[in-house]
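Q:
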Amino acid sequence: MRFMTRGDKILVVLLVVASLFSFWLVKEINSKIDSRYISIQVNGEEYERLRFATSDEPEHYELETQFGRNLVEIGRDYVRVIEADCPDKLDVLQGAITRPGQVIVCLPNRMIIEIRGEAPDGPVIDDTVR
Amino acid sequence: MLKDIRTMIFMALLVGLALAISLFESVIPIPFVAPGAKLGLSNIVILVTLVVFGFRRALIVACLKSVLLMLVTGSVSSMFFSLAGALFATTVMGIAYFKVSRKVFSLIGVSILGAVAHNFGQLSVAYIVMHNPYVYSYLPVLVLAGLFTGFFVGLSGRYVTANLKQHFPQKEKKAL
Chain A
374 MRFMTRGDKI LVVLLVVASL FSFWLVKEIN SKIDSRYISI QVNGEEYERL RFATSDEPEH
434 YELETQFGRN LVEIGRDYVR VIEADCPDKL DVLQGAITRP GQVIVCLPNR MIIEIRGEAP
494 DGPVIDDTVR
Chain B
909 MLKDIRTMIF MALLVGLALA ISLFESVIPI PFVAPGAKLG LSNIVILVTL VVFGFRRALI
969 VACLKSVLLM LVTGSVSSMF FSLAGALFAT TVMGIAYFKV SRKVFSLIGV SILGAVAHNF
1029 GQLSVAYIVM HNPYVYSYLP VLVLAGLFTG FFVGLSGRYV TANLKQHFPQ KEKKAL
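Which chain is which? The protein sequence lines are A and B, in order.
Under the working numbering, the first sequence has 387 at position 14, and the numbering climbs by one with no breaks.
Under the working numbering, the second sequence has 949 at position 41, and the numbering climbs by one with no breaks.
Given below as structure tokens:
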């Protein structure tokens, strides 16, 4: 009785190749799917939905409403307000937000910027079944 | 079905053995590789049953092992995963062993196929439970881990069956 038959070896090689390939495939697909988006709300209602920038060059979005004016900078993985006409400039001072669930609020201008969607590294596990 | 009392007792022993091994295995954590990957040692018992006693009895041992494991550990949800995995693995191993020429796959190949089928069965239950096809993206990791464990399971299965077949030579013809 031989140690491993030819069929065994072919099977092992096939499985290794297939799993490595699909491993790579899954990684590739996961990196492309980005369910996150930036939701800009004014006066409690969603005003605009924006995507993150696709290049390293940040994009700018100017929000001009009856309540005031804010200039939003959108990078590949962050959002921040760089200019505002509100008196305290708290939204500018807050800096950038990067993760789903985080918000920037500018009360005088009644503006909320929120990142929505799933985190790219998956949701936080809160329970497991064994 | 089990007329021969010797066979019957031996089957009971096999079920007990599979149960003990599964229980032992569920206690030891595997530090490397992914969570959910197990050694699959109880597959040795199912493989041996398959080879020595035939497909039907291997199915019986696999079912009993999963159900009894649920009674012992008390986690009902894991029984569905275990049961689906074991049934699927046994079926695939049965086909690989009895329907495919012996020259193609040795016990190692059969056992690796069984390990892969086990993972697939479990993930399918996970898919049914969670309604999320992304659980299958976990398959490559499990398959890679299953290659190693399946190899050694097949290897030990070969040594065990070599001895056992001398004691239970009768069941070779009727199977599946």
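Glycine is no exception: its CB is placed at the ideal position from the N, C-alpha and C atoms.
(1) Count the C-beta pairs between the stretch 918-926 of chain B and the stretch 949-962 of chain B that are closer than 8 Å, then say yes if the count reaches three, no if not.
(2) For a minimum of 4 consecutive residues, which ranges assigned as the alpha helix (DSSP H) are wholly contained in the stretch 998-1083 of chain B?
(3) Hey, is residue 1017 of chain B's beta-carbon within less than 8 Å of any beta-carbon in chain A?
(4) Strictly below 8 Å CB to CB, what residues from chain A border residue 1020 of chain B?
(5) Can you tell me whether DSSP reads residue 412 of chain A as helix, strand or coil?
(6) Check this for me: beta carbons of residue 1019 of chain B and residue 975 of chain B, under 8 Å apart or not?
(7) Find the residues of chain A that neighbour residue 1041 of chain B, judging by a C-beta separation of less than 8 Å, and give them in chain order.
(8) Would you mind telling me which residues of chain A sit closer than 8 Å to residue 1013 of chain B, beta carbon to beta carbon, in chain order?
(9) Listed from N- to C-terminal order along the chain, which residues in the stretch 1060-1073 of chain B have their beta-carbon within a distance smaller than 7 Å of any beta-carbon of chain A?
(10) For residue 454 of chain A versus residue 477 of chain A, is the C-beta spacing smaller than 8 Å?
(11) In this structure, how does DSSP classify residue 427 of chain A when only helix, strand and coil are distinguished?
(12) Give the range of the alpha helix (DSSP H) segment to which residue 954 of chain B is assigned.
(13) According to DSSP, is residue 436 of chain A helix, strand or coil?
(14) Determine the direct distance from the alpha carbon of residue 1030 of chain B to that of residue 990 of chain B, and round the result to whole angstroms.
(15) Counting pairs of Cβ atoms below 8 Å between the stretch 1045-1064 of chain B and the stretch 391-406 of chain A, do you hit three or more?
(16) Touching or not, the stretch 915-923 of chain B and the stretch 961-970 of chain B, by the rule of three or more beta carbon pairs under 8 Å?
(17) In this structure, does DSSP put residue 441 of chain A in helix, strand or coil?
(18) Confirm, please, whether the CB-CB distance from residue 381 of chain A to residue 1013 of chain B is below 8 Å.
(19) Along chain B, in chain order, which residues have C-beta atoms closer than 7 Å to that of residue 392 of chain A?
(20) If contact means a Cβ-Cβ distance below 7 Å, which residues of the stretch 1023-1042 of chain B contact chain A?
(21) Where does residue 964 of chain B fall in DSSP's three states?
(22) If you draw a straight line from the alpha carbon of residue 994 of chain B to that of residue 1045 of chain B, how long is it in whole angstroms?
(23) Spell out whether any CB of chain A is found under 8 Å from the CB atom of residue 974 of chain B.
(24) In this structure, how does DSSP classify residue 402 of chain A when only helix, strand and coil are distinguished?
(25) Just to confirm before moving on: does the CB-CB distance between residue 489 of chain A and residue 415 of chain A stay below 8 Å?
(26) Go through its chain and collect everything with a Cβ distance to residue 444 of chain A's Cβ below 8 Å, but skip five positions before and after it.
(27) Rounded to whole angstroms, what's the CA-CA distance from residue 960 of chain B to residue 474 of chain A? Just pull it up for me.
(28) Which same chain residues end up closer than 7 Å to residue 431 of chain A when comparing Cβ atoms and leaving out the 5 residues on each side of it in sequence?
(29) Contact criterion: CB-CB distance below 8 Å. Does residue 1083 of chain B meet it with respect to chain A?
(30) If residue 1026 of chain B and residue 1004 of chain B are in contact, beta carbons under 8 Å, what's the gap, nearest whole angstrom?
(31) Starting from the Cα of residue 999 of chain B, find the closest Cα among B:912, B:1072 and B:962 and give me that residue.
(32) Rounded to whole angstroms, what is the Cα-Cα separation between residue 386 of chain A and residue 1011 of chain B?
(33) Under the assumption that residue 481 of chain A contacts residue 417 of chain A (Cβ atoms under 8 Å), give the Cβ distance between them as a whole number of angstroms.
A: This is what the structure holds:
(1) Contact between the stretch 918-926 of chain B and the stretch 949-962 of chain B is present, because at least three Cβ pairs lie under 8 Å.
(2) The DSSP assignment places 1015-1038 and 1047-1075 as complete runs of the alpha helix (DSSP H) inside the stretch 998-1083 of chain B, in order along the chain (cut-off: 4 residues).
(3) Taking the first residue of the second sequence as 1, we reach residue 1017 of chain B at position 109. By this cut-off, residue 1017 of chain B is an interface position.
(4) On the second sequence, position 112 is the one that residue 1020 of chain B refers to. Those within 8 Å of residue 1020 of chain B in chain A are 381, 384, 385 and 388.
(5) Position 39 of the first sequence holds residue 412 of chain A. If DSSP states are grouped into helix, strand and coil, residue 412 of chain A belongs with the strands.
(6) Mapped onto the second sequence, residue 1019 of chain B falls at position 111. Mapped onto the second sequence, residue 975 of chain B falls at position 67. Result no, Cβ atoms of residue 1019 of chain B and residue 975 of chain B do not sit closer than 8 Å.
(7) Indexing the second sequence from 1 puts residue 1041 of chain B at position 133. Here the premise fails: no neighbours, minimum Cβ distance about 12 Å.
(8) Along the second sequence, read from residue 1 onward, the residue named residue 1013 of chain B stands at position 105. Residues of chain A whose Cβ lies closer than 8 Å to the Cβ of residue 1013 of chain B are, in chain order, 378, 380, 381 and 384.
(9) The residues in question: there are none.
(10) Translated into positions along the first sequence, residue 454 of chain A becomes position 81. Translated into positions along the first sequence, residue 477 of chain A becomes position 104. In contact: residue 454 of chain A and residue 477 of chain A (Cβ atoms closer than 8 Å).
(11) Taking the first residue of the first sequence as position 1, residue 427 of chain A is located at position 54. Three-state result, residue 427 of chain A: coil.
(12) For the purposes of this step, residue 954 of chain B is taken as residue 46 along the second sequence, with counting starting at 1. Per DSSP, residue 954 of chain B belongs to the alpha helix (DSSP H) from 950-961.
(13) Translated into positions along the first sequence, residue 436 of chain A becomes position 63. Of the three classes helix, strand and coil, the one that applies to residue 436 of chain A here is strand, per DSSP.
(14) The residue labelled residue 990 of chain B in the question sits at position 82 within the second sequence. The residue labelled residue 1030 of chain B in the question sits at position 122 within the second sequence. Going from the Cα of residue 990 of chain B to the Cα of residue 1030 of chain B covers about 7 Å.
(15) Yes, the stretch 1045-1064 of chain B is in contact with the stretch 391-406 of chain A.
(16) At 8 Å Cβ cutoff, the stretches touch.
(17) Counted from its first residue, the first sequence places residue 441 of chain A at position 68. Here residue 441 of chain A sits in strand by DSSP.
(18) Indexing the second sequence from 1 puts residue 1013 of chain B at position 105. Indexing the first sequence from 1 puts residue 381 of chain A at position 8. Result yes, Cβ atoms of residue 1013 of chain B and residue 381 of chain A sit closer than 8 Å.
(19) On the first sequence, position 19 is the one that residue 392 of chain A refers to. Chain B residues near residue 392 of chain A: 1048, 1051 and 1052.
(20) Under the 7 Å Cβ criterion, the stretch 1023-1042 of chain B contributes 1024.
(21) Residue numbering aside, residue 964 of chain B sits at position 56 when the second sequence is read from its first letter. It is helical.
(22) Within the second sequence, residue 994 of chain B is the residue found at index 86, counting from 1. Within the second sequence, residue 1045 of chain B is the residue found at index 137, counting from 1. Computed Cα separation, rounded: 21 Å.
(23) Looking up residue 974 of chain B in the second sequence gives position 66. Output row for residue 974 of chain B: interface = no.
(24) The residue you call residue 402 of chain A lines up with position 29 of the first sequence. DSSP places residue 402 of chain A within a helical segment (H, G or I) once states are collapsed to three.
(25) On the first sequence, position 116 is the one that residue 489 of chain A refers to. On the first sequence, position 42 is the one that residue 415 of chain A refers to. No, Cβ-Cβ distance for residue 489 of chain A and residue 415 of chain A is not below 8 Å.
(26) Sequence index remark: in the first sequence, residue 444 of chain A carries index 71 (1-based). The residues are 433, 434, 435, 436, 454, 455, 456 and 457.
(27) Position 52 of the second sequence, counted from the first residue, corresponds to residue 960 of chain B. Position 101 of the first sequence, counted from the first residue, corresponds to residue 474 of chain A. If you take the alpha carbons of residue 960 of chain B and residue 474 of chain A, they lie about 58 Å apart.
(28) The residue labelled residue 431 of chain A in the question sits at position 58 within the first sequence. 446, 447 and 448, listed in sequence order.
(29) Numbered from its first residue, the second sequence carries residue 1083 of chain B at position 175. Legend: pLDDT at residue 1083 of chain B = 47, less than 50; position of this residue unreliable, value from coordinates given subsequently. Answer no: the Cβ-Cβ gap between residue 1083 of chain B and chain A never drops below 8 Å.
(30) The count along the second sequence starts at 1 and reaches residue 1026 of chain B at position 118. The count along the second sequence starts at 1 and reaches residue 1004 of chain B at position 96. Not a contact, Cβ separation roughly 13 Å.
(31) As a position in the second sequence, residue 999 of chain B is number 91, starting the count at 1. Nearest Cα to residue 999 of chain B within the set B:912, B:1072 and B:962: B:962.
(32) For the purposes of this step, residue 386 of chain A is taken as residue 13 along the first sequence, with counting starting at 1. For the purposes of this step, residue 1011 of chain B is taken as residue 103 along the second sequence, with counting starting at 1. Between residue 386 of chain A and residue 1011 of chain B, the C-alpha separation is close to 18 Å.
(33) Residue mapping note: residue 481 of chain A aligns to position 108 of the first sequence, counting from 1. Residue mapping note: residue 417 of chain A aligns to position 44 of the first sequence, counting from 1. That pair is no contact at about 15 Å.
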